[in-house]
Amino acid sequence: MSQNPTGRLEGRVAIVTGGSRGIGRAIVERLAAEGARVAFTYNSSPGPAAEIAEALGSDRALAIQCDVANPEQVAAMVEKVLTAWGKIHILVNNAGITKDTLMLRMSIEDFESVIRTNLTGTFVATKAVLRPMMGERWGRIINIASVVGLVGNPGQANYVASKAGVIGMTKAVAREVASRNILANCIAPGYIQTDMTAKLNEAQQTELSAQIPLKRIGQAADIAALVAFLASDDAGYITGQTFAVDGGMTMV
Ligand code: NDP
């Protein structure tokens, strides 16, 4: 898989949810470098989003405030993209949150809010782009799940349920829209260095790296490289799959 942009997404229009930081930001930058026009959402970080949009240029990037847990805001966001660029080919459902605690202590509110952003948000955004993609007779839906959705993790009942749900929903939508030349796949990142994982101290990070066959924590660019491939014509015979990008941590 190429780590170097090739321009293979020239002419494509992409939406990336949660593109202001971390993995989403790397995806936005990679898709733009591959030639796509990229609309991306942020929820609470207007500053970083504006910086990214300015660096990429207004012909290449569009930053839109949108809480993916809010269906009205998602519908308005999709309309803005269609008004600006007239079509949508690629959706990357990346926005996600954690609210970790052991199940015995987890409130229903914390369970439901994680499901709402990570799973319902993915459903709402996917549903909103299906018609425009059908109009193009070409589409790519790429959902950022997590390896914990495959193997579980203590303290993350809400998050694990949301990510396992995303993996299952991806298979359902892949079957529903395959005849329209719309492909849907999941990426399940392992441990990737972002704000979400910055809570671990150095000793914890060293211990974690030792358990990873490739002996390093992943970078957001490792995920973005697979997104770029799955969004391209080279991935035209792949749908309904989940790819772990985790340095060999799970090998399920
Ligand atoms: P970060 O916390 O670094 O960034 C999260 C992004 O999602 C931000 O751009 C944030 O926007 C946005 N976001 C959060 N809530 C909402 C919302 N309600 N509506 C719209 N956007 C929202 O996360 P990561 O980059 O680490 O994670 C990205 C994805 O990868 C997530 O789905 C996560 O579950 C998944 N993942 C991450 C792993 C890791 O090790 N980092 C491992 C496995 C999966 P804003 O800043 O504006 O609030």
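For the sequence shown, my numbering assigns the number 406 to the initial residue and increments by one for each residue that follows.
For each residue, glycine too, the CB sits at the ideal point set by N, CA and C.
With 16 other Cβ atoms within 10 Å as the buried cut-off, status of residue i
i    : result
A615 : exposed
I513 : exposed
P451 : exposed
I420 : buried
R542 : exposed
T647 : buried
G416 : exposed
L507 : exposed
T531 : buried
S463 : exposed
S584 : exposed
S425 : buried
Inter-residue CB distance, residue i and residue j (contact presumed, cutoff 8 Å)
i    : j    : result
G509 : S567 : Just to set this straight, residue 509 is Leu in the shown sequence, not Gly. Rounded, the Cβ-Cβ distance is 19 Å, inconsistent with contact.
N590 : T522 : Rounded, the Cβ-Cβ distance is 21 Å, inconsistent with contact.
M539 : I493 : Contact flag wrong, Cβ pair sits at about 10 Å.
S551 : A593 : 6 Å
Nearest-angstrom Cα separation, counted from residue j out to residue i
i    : j    : result
E439 : Y642 : 20 Å
L414 : L436 : 7 Å
D639 : E517 : 37 Å
I657 : T488 : A small fix is needed here, since residue 657 is Val in this sequence, not Ile. Distance between the alpha carbons of V657 and T488 is about 43 Å.
A630 : D600 : 20 Å
R536 : K620 : 43 Å
N475 : T527 : 11 Å
I469 : A480 : 12 Å
I457 : R430 : 8 Å
A466 : G412 : 15 Å
G554 : A569 : 4 Å
Short Cβ contact (8 Å threshold) for residue i with residue j
i    : j    : result
I549 : V473 : no
I547 : V483 : no
G355 : V650 : Residue 355 lies beyond the range of the chain shown here (406 to 657); nothing can be said about it.
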